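K.L.:
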Amino acid sequence: MDLAAKVETYLQERFGHQARLLAMAPLGEGVHGTAHRVVFQTPQGENRLIMKALFHSRFGHDHYADRAQVLLLAQANYNEMPKHVRATDVVGETPDRLISVRDAREFYIFMEEADGVSYFEDLEAILRRGRLSDLDRQRARMLAQFIAEGHANRYRGPNAGVLYRRRIRDLIGHGECIMGIIDAYEPVDFATDAELVSYAARCLPWWGRIRDRGERLCSVHGDFHPGNIRLRGDDFVLLDRSRGTWGEAADDVSCLGINYIHYALKERGVFDGPFAELFHLFLAAYLEKTGDDGIFEVVQPFFAFRVLVIANPRFYPDAPDPVRRKLLDFGRSVLAVDRFEPQHIAAYLEGR
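In terms of this note's numbering, the sequence shown opens at residue -7 and continues consecutively.
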């Protein structure tokens, strides 16, 4: 069904079955999108509305959820301001109709229930017994191979540069990433607010440094931490893929990798022991599958982001302050190096 037919069907649902579309004329393009004048007839007379849409690949409107956010907020904002034109509806387009969402104030996702055991429980079991089993090693390799296979799916479309820039920009400034996590910190004993602001400032140059590496754009999970991994014997199921299909492989590698580093600190106060072994097993399996040596040139700000999450008591309430401090030192250290070297992790944790 073409757009005009969908519009007429929508008008009949909204204004009564006698509504008829008389004309739908493009008004041209602006910086952000396009608009049409919609002229339609009802028993009460002729009516006119403007129907606006946003471009897909500019100004952070890359995903349909981005465009929905902008238009839903516009509807609320237009109608709260005196003398502003009124918004009458926000609609979503399906293959055969337009669906009104004007009355929606909250949104919910329904999904399957995941069975299995959180990978955090597995890491806690290793922490208690102080050694690895063959299954522990197998699972680390399995997870590395899984994300490596996903990362092999490289984006081949025309918008690789735009989407990669978006992902790196979001890493720095998104409400769920570096600046947003820092803003979510309550006062803490292990770092001052000025230190956290300085930490964010150290991240900013990395935005300019790596944002044009669009050739690296690939399929990612986006939040590949133990809480989103449910183990089922020698298999697993994932939860909560985040911030879009396409991103930087270093995001997933750092997300799980920093948790191995965190658990090494919890167990021994240094990067050593079974969790250091797991980190190296995981990374070696990933590199064997991908050969991605370039990841060591871009992973630094992703580690810096994940450090902020683990160090924040809101997300990891049980981490002791000395561990949080070492993680922040690690983040600061890796931001200062041109190339991340896994053999230097112990030094990074000491702020060197």
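Even glycine gets a Cβ: it sits at the ideal position worked out from N, Cα and C.
Predicted, not measured: the structure shown is a model, and the values here were computed from it.
Rounded to whole angstroms, how far is the Cβ of residue 1 from the Cβ of residue 41, which I believe are closer than 8 Å?
P.N.:
Incorrect: roughly 15 Å between the Cβ atoms, too far for contact.
K.L.:
Nearest CA to the CA of residue 303: which residue from 174, 33 and 95?
P.N.:
Answer by Cα proximity: 174.
K.L.:
Where do the N-terminal and C-terminal ends of the beta strand (DSSP E) with residue 221 fall, by residue?
P.N.:
Note, residue 221: beta strand (DSSP E), 221 to 224.
K.L.:
Rounded to whole angstroms, what's the CA-CA distance from residue 77 to residue 71? Just pull it up for me.
P.N.:
Going by the C-alpha atoms only, they are around 8 Å apart.
K.L.:
Does residue 139 come out as helix, strand or coil in the three-state DSSP assignment?
P.N.:
Three-state result, residue 139: helix.
K.L.:
Any chance the region 265 to 273 sits against the region 144 to 156, with 3 or more Cβ pairs inside 8 Å?
P.N.:
Touching, no.
K.L.:
Any chance the region 214 to 226 sits against the region 330 to 342, with 3 or more Cβ pairs inside 8 Å?
P.N.:
Because the criterion of three Cβ pairs below 8 Å is not met, the region 214 to 226 and the region 330 to 342 do not touch.
K.L.:
Between 206, 124 and 140, which lies nearest to residue 161 when the distance is taken from Cα to Cα?
P.N.:
Selected option, being the one with the closest Cα: 206.
K.L.:
Among 64, 331 and 105, whose alpha-carbon lies nearest the alpha-carbon of residue 96?
P.N.:
That would be 64, whose Cα lies nearest to the Cα of residue 96.
K.L.:
For residue 292, count neighbouring C-beta atoms within 10 Å of its own C-beta (all shown protein chains included) and say buried if the count is 16 or more, exposed if not.
P.N.:
Under this definition residue 292 is a buried residue.
K.L.:
Measuring CB to CB, does residue 296 end up less than 7 Å from residue 323?
P.N.:
Yes; because the gap between Cβ atoms is below 7 Å, this pair is in contact.
K.L.:
Give me the Cα-Cα distance between residue 17 and residue 283, rounded to the nearest whole angstrom.
P.N.:
About 53 Å.
K.L.:
Within 10 Å of its beta-carbon, does residue 315 have 16 or more other beta-carbons around it, so buried, or fewer, so exposed?
P.N.:
Classification for residue 315: buried.
K.L.:
Among 11, 44 and 5, which residue has its Cα nearest to the Cα of residue 20?
P.N.:
It is 44.
K.L.:
Do residue 185 and residue 313 have their CB atoms nearer than 7 Å?
P.N.:
No. Outside cutoff.
K.L.:
Below 7 Å CB to CB, which residues in the same chain sit around residue 158 once its five sequence neighbours on both sides are set aside?
P.N.:
Cβ within range, chain order: 52 and 54.
K.L.:
So residue 263 packs on residue 132, CB below 8 Å; how close in whole Å?
P.N.:
Residue 263 to residue 132, Cβ: 16 Å. No contact.
K.L.:
Under three-state DSSP, which class holds residue 209?
P.N.:
Looking at residue 209 - three-state DSSP - the assignment turns out to be coil, as it is neither helix nor strand.
K.L.:
Kindly confirm or deny that the region 190 to 198 and the region 82 to 95 touch, where touching means at least three C-beta pairs closer than 8 Å.
P.N.:
As far as the Cβ criterion goes, the region 190 to 198 does not touch the region 82 to 95, which means the pair count is below three.
K.L.:
Mind checking which residues open and close the beta strand (DSSP E) that includes residue 26?
P.N.:
That run of the beta strand (DSSP E) goes 25 to 34.
K.L.:
In terms of DSSP beta bridges, what is residue 259 paired with?
P.N.:
DSSP lists no partner for residue 259.
K.L.:
Check residue 17 in the structure and name its three-state DSSP category.
P.N.:
Correct three-state label for residue 17: strand.
K.L.:
Closest by CA to residue 164, which one among 246, 140, 192 and 243?
P.N.:
The shortest C-alpha separation from residue 164 is found at 192.
K.L.:
Which value, in whole angstroms, describes the spacing of the CA atoms of residue 321 and residue 28?
P.N.:
Straight-line Cα distance between these residues: approximately 54 Å.
K.L.:
With contact counted as at least three CB pairs below 8 Å, one residue from each stretch, are the region 215 to 235 and the region 244 to 260 in contact?
P.N.:
Because the criterion of three Cβ pairs below 8 Å is met, the region 215 to 235 and the region 244 to 260 touch.
K.L.:
Does DSSP put residue 45 in a helix, in a strand, or in coil?
P.N.:
If DSSP states are grouped into helix, strand and coil, residue 45 belongs with the strands.
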